[in-house]
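Note sheet for the following structure.
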Amino acid sequence: MQTQSISTRFNLTLAIIVAIIMLFFAGAAVHFTGQRNSEALDEKLDNYISISRVGLEAPLWNFDYPIVEGYLESLILDKSIVFAGVTSTDGSEVVREKQNSGDIDYTTISEGRDYSVREGKIVHDGNEIGVIRLVASREALHEEILTNTIAIGVVTLIVLATITLASVLISRRHIVKPLAELQKSASAIGAGNLDTSISLSAQDEIGQLAGSFSLMRQSIRQLVEELRQANETLEARVVERTSEVTAARQKLVDAIGSTSEGFAFFNADDTLILHNEQYLKLLYGDTRVEIKPGMSFEEILRLGIKDELIDVETGDPEDFIKRRLEQHRNPTSSILQKRGKGKWIQISETKTSDGGTVAVFSDVSELKLRETELTEKTVMLENLSSQLAKYLSPQIYASIFEGTNEVKLAANRKKLTVFFSDIEGFTETAERMESEELTGLLNNYLTEMSKIAIEHGATIDKYVGDAIVIFFGDPESRGIREDALACARMAIAMSERMTELQDQWKKAGILEPLRCRIGIHTDYCTVGNFGSESRMDYTIIGRGVNTASRLESAAEPGQILVSYATHAHICDEILCAPRGKIEVKGIPYPIEVFEIATSRTSALQAEIDGSAPDRLTLDMEALSGKEREKFAGLLETLLSDLKNGTRGGKPE
């Protein structure tokens with residue numbers, strides 16, 4: 057491609073700009089000149105019409121046509137007027153004059169680019185008597201515009217040529233020559249001649265550029281010298297560092313070789329670069345598979361699968377290779393591989409900053425064996441633990457295994473709510489049953505009661521035949537009042553469940569209904585581990601325990617007796633009936649007791665201070681003979697009160 061010099065491009069650009077400017081002004085001059093002349097012609101016709109309307113009024117009114125014709129001839133003397141005519145009001149033409157002959161009908165010419173047309177009414181005493189019409193040609197204007205255009209074009213060419221010539225001379229002296237000198241020096245420097253000089257004395261921008269170029273040349277010379285010196289230093293440093301790297305590499309190889317772990321390094325292309333002997337031993341053992349640097353990871357993997365040295369888990373080698381390659385290229389966690397019977401290898405892979413992979417192989421066969429043994433022992437311990445849990449209350453079991461309760465001979469004083477229950481006449485019933493049936497009956501009863509106890513958060517102390525000992529407040533407590541309420545609600549739930557179980561036992565052949573007696577007392581007890589170092593029992597002792605036992609013995613079948621200490625905590629939420637004071641064995645003073653209302657004994661709920669109840673709800677099948685006699689008396693009292701209008705035998 058042929059290049060243009062800066063001077064040529066500068067002169068060409070300047071010429072184009074000047075030409076555009078001159079043409080713009082020339083066009084503007086032509087336009088405004090033509091417009092001005094056109095406006096002058098229109099103004100002249102308007103003046104002719106105004107004067108003619110006044111001058112032709114009298115001759116036209118007096119039918120003095122020669123004067124009219126003479127007036128029109130004077131108008132035609134103006135070369136721009138090509139037609140002048142007057143028409144009377146009746147439409148007849150008085151006179152028509154034409155500047156030139158021809159077939160053009162000037163009466164039909166309209167205002168436009170080539171002609172200017174003006175008409176005016178001639179009026180006498182307010183009446184229109186005729187019309188004057190003038191037509192002027194714009195041809196003279198066009199000729200004038202053309203003449204002006206030519207003149208402006210000539211002037212434009214002269215000015216453009218002058219400016220271009222001056223620009224050429226100026227650019228040659230002040231631009232082309234300095235730039236040529238600068239280009240010559242730059243070419244010499246580009247060829248490697250840094251000793252060349254630039255001799256420009258101009259103080260303009262090019263001179264400043266030449267000065268900067270000279271400074272740059274000096275800087276390059278200095279930089280080249282510094283690079284030469286640095287290169288010599290670098291070569292010496294490279295030799296030194298190469299020696300250091302070689303020594304460090306050898307140390308790394310020695311360190312890798314001495315480790316008990318297998319080590320291998322793969323570059324970003326998954327090609328084996330470095331490994332130790334232990335890597336070969338752990339990889340495929342003492343086989344004949346040959347592994348050496350330069351082999352790809354996939355190639356090494358396929359060799360192991362081919363010789364069946366790797367346990368392919370899925371059975372599909374290609375699927376295994378695909379997954380293993382993905383793990384190798386994007387390692388996230390350690391990989392455990394089975395290598396033969398009892399042989400396990402753990403592979404830990406890590407990506408390096410340059411995309412390579414470091415692999416560490418560890419023999420974890422012994423750890424895996426211990427893990428298997430530990431798992432088996434753990435399962436055995438869990439089974440044993442679940443078996444032992446059945447001999448302990450869930451709370452005690454949990455506290456021991458969670459470490460909150462230390463297994464040692466120790467006890468604490470706590471305020472507990474103690475529960476005792478047994479089945480009335482169980483001994484007589486047991487004598488009439490076979491041992492298998494008795495065992496099933498007893499286990500069924502204890503299972504159902506235990507479920508209810510656990511649901512209410514009770515700690516089951518022990519089973520003594522058909523008797524159950526339960527307490528609330530240890531090892532976990534919700535507060536003395538809440539513990540007492542939970543115990544009372546549990547007792548009610550057990551009593552109601554006994555009623556449901558009686559139907560099942562009847563169907564099983566037990567005709568006599570089995571009924572519970574329950575005693576509850578709230579007091580301070582000693583709770584903890586009792587026994588010996590070889591065998592101990594987590595239980596409770598103390599006067600409070602004995603009191604609860606005596607209340608259970610004093611209760612009638614189906615009855616729940618609570619002490620005043622318990623009643624004080626539950627009376628706001630559970631309805632109880634007073635049962636007076638009773639003497640119990642081992643207690644030197646009478647105990648005031650209350651009966652908790654159940655569905656079977658709800659008739660007693662309103663029996664306060666000997667008054668008759670307002671409402672009776674009876675389960676006749678669950679009542680004993682004494683209870684029936686008692687309720688019969690209550691019914692008689694109630695009927696008497698209804699009849700006499702009294703309450704409890706006393707006037708209301």
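In my numbering, the protein residues as written are 57 to 708.
A virtual CB, placed ideally from N, CA and C, is assigned to each residue, including glycine.
All values derive from a computational prediction rather than experimental measurement.
Less than 9 Å between the C-beta atoms of residue i and residue j, yes or no?
i      : j      : result
Leu497 : Ile574 : no
Ile596 : Asp530 : yes
Ala633 : Glu651 : yes
Ile366 : Arg395 : yes
Ile132 : Gly176 : no
Thr654 : Gly614 : yes
Val416 : Ile403 : yes
Ser533 : Asp579 : no
Ser166 : Leu101 : no
Leu328 : Met351 : yes
Lys637 : Pro646 : yes
Thr408 : Pro387 : no
Met505 : Met436 : no
Evaluate residue i with the Cβ neighbour count: other Cβ atoms within 10 Å of its Cβ, from every protein chain shown; 16 or more gives buried, anything less gives exposed.
i      : result
Phe527 : buried
Asn332 : buried
Val649 : buried
Tyr335 : buried
Pro115 : buried
Asp522 : buried
Ala611 : buried
Arg656 : Model confidence at Arg656 stands at a pLDDT of 46, short of 50, so the residue's coordinates are unreliable; what they give is reported in the following sentence. Buried: at least 16 other Cβ atoms inside 10 Å.
Glu222 : A quick correction: the sequence has Ala, not Glu, at residue 222. Exposed, because fewer than 16 other Cβ atoms sit within 10 Å of the Cβ of Ala222.
Asp181 : exposed
Asp539 : buried
Leu425 : exposed
Val124 : buried
Pro569 : buried
Glu487 : exposed
Ala659 : Bear in mind that a pLDDT of 40 at Ala659, under 50, signals an unreliable position, so the number given afterwards is only what the model happens to contain. By the neighbour-count rule (16 or more Cβ atoms within 10 Å), Ala659 is buried.
Ala547 : buried
Phe353 : buried
Ile516 : buried
Asp372 : exposed
Leu339 : buried
Phe319 : buried
Met554 : buried
Quick one: grab the DSSP three-state call for residue i.
i      : result
Pro115 : helix
Ser715 : A question about residue 715 goes unanswered here, because the residues of the chain that appear run from 57 up to 708.
Leu631 : coil
Leu497 : helix
Arg174 : strand
Val138 : strand
Gln383 : helix
Leu326 : The sequence as given places Asp at residue 326; Leu does not occur at that position. In the structure shown, Asp326 sits in coil (DSSP, three-state: anything other than H, G, I, E or B).
Gly636 : strand
Thr315 : coil
Lys348 : coil
Ala662 : In this prediction, Ala662 has a pLDDT of 41, which is less than 50 and means its spatial position is unreliable; nothing more can be read from the coordinates.
Arg358 : helix
Glu612 : coil
Lys724 : Here the chain has residues from 57 to 708 only, and residue 724 is not among them.
Ser193 : strand
Ala564 : coil
Thr143 : strand
Ile188 : strand
What does residue i pair with, by DSSP beta-bridge criteria?
i      : result
Lys378 : Its beta-bridge partners do not exist; DSSP assigns none.
Arg469 : Thr582
Phe527 : Val474 and Thr515
Met402 : Residue 402 is actually Gln in this sequence, not Met. Answer by DSSP bridge pairing, in chain order: Leu392 and Ser418.
Cys572 : Ile479
His180 : Asn183
Ile596 : Val583
Leu617 : Gly575 and Glu651
Ala320 : His331 and Ala415
Lys407 : Thr413
| said: Measuring CB atoms only, is the stretch 133-143 touching the stretch 180-191, in the sense that at least three cross pairs come out at less than 8 Å? | reply: yes
| task | Decide yes or no for the touch test of the stretch 473-491 against the stretch 603-621: beta carbon pairs closer than 8 Å, at least 3 of them. | result | yes
| request: Would you be able to state if there are at least three C-beta pairs under 8 Å between the stretch 482-489 and the stretch 554-563? | output: Result no; under three Cβ-Cβ pairs closer than 8 Å.
| task | Check whether the stretch 540-552 touches the stretch 502-517, counting contact only when three or more Cβ pairs, one atom from each stretch, lie closer than 8 Å. | result | Here the stretch 540-552 lies against the stretch 502-517, with 3 or more beta-carbon pairs under 8 Å apart.
| query | Should the stretch 344-354 be called in touch with the stretch 274-286, which here means at least 3 C-beta pairs below 8 Å? | reply | No: the two stretches stay apart, fewer than three of their Cβ pairs being nearer than 8 Å.
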